[in-house]
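For the sequence shown, the positions run 298 to 360 when the numbering used here is used. Just below is one structure, and these are the notes that go with it.
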Amino acid sequence: MFQYSWILVFIAINGLLTVGEMDTKEECLNAAAQMEEVGTVGITGNFACIPAPNYIAEGEAFE
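Written out as structure tokens, the structure is:
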């Protein structure tokens with residue numbers, strides 16, 4: 298069975314930078330909106346939320 302968490306990433310011209318992992322999509326989108334407000338001085342890119350599936354077996358998570 299799959300359970301999804303959400304990873305907030307910064308998408309820059311040279312790749313992805315993981316910012317953090319959230320339990321819900323709404324929590325991740327709120328964090329992304331707050332990051333956009335703060336901004337990144339001298340760095341061009343966007344924040345995005347991507348799903349991160351975890352396999353759940355017998356009550357334990359395996360990434």
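Beta carbons: idealized from backbone N, C-alpha and C, even for Gly.
Buried versus exposed, by CB contacts within 10 Å (16 or more), residue i
{"i": "Gln-305", "result": "Residue 305 is actually Leu in this sequence, not Gln. Leu-305 is buried by the Cβ-count criterion."}
{"i": "Ala-330", "result": "exposed"}
Own chain residues within Cβ distance below 7 Å of residue i, not counting five before or after
{"i": "Leu-326", "result": "Cys-346"}
{"i": "Asp-320", "result": "Ser-302"}
{"i": "Thr-315", "result": "Ile-304, Val-306"}
Sequence-distant residues of the same chain with beta carbon closer than 8 Å to residue i, five excluded per side
{"i": "Gly-312", "result": "none"}
Under 8 Å between C-beta atoms of residue i and residue j
{"i": "Ile-310", "j": "Asn-343", "result": "no"}
Delimiting residues of the beta strand (DSSP E) encompassing residue i
{"i": "Thr-321", "result": "Here Thr-321 belongs to no beta strand (DSSP E), and DSSP marks it neither H nor E."}
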